[in-house]
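Okay, so the sequence shown: first residue is 1215 according to this note's numbering, each after it adds one.
This report refers to the structure that appears directly beneath it.
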Amino acid sequence: MPAIAGVSGRLRFGGYGVPQAQPGPEQEKNILRNQAEALKADLEIITRRLQDLETEAADE
């Protein structure tokens, strides 16, 4: 009998969790909208920082 055998010599379920449920269409749209807004905000921060660095380089 293998070392990982359980009751009656059957092999135990091997370490996989319960699969996550897929979000419904409305929930997925909300998730994607939130991600898009977060990415827009990040891009705005990056763009402003890049402009600041370019302005500093031009002033030097």
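Note that CB positions come from ideal geometry on N, CA and C, so glycine has one too.
Check, Outcome
"Compare the C-beta of Glu1242 against all C-beta atoms of chain C and say whether one is closer than 8 Å.", "Here there is only one protein chain, and chain C is not present."
"Determine, using beta carbons only, whether Pro1233 and Ile1245 come nearer to each other than 8 Å.", "no"
"Please report how far the alpha carbon of Asp1273 lies from the alpha carbon of Glu1240, in whole angstroms.", "50 Å"
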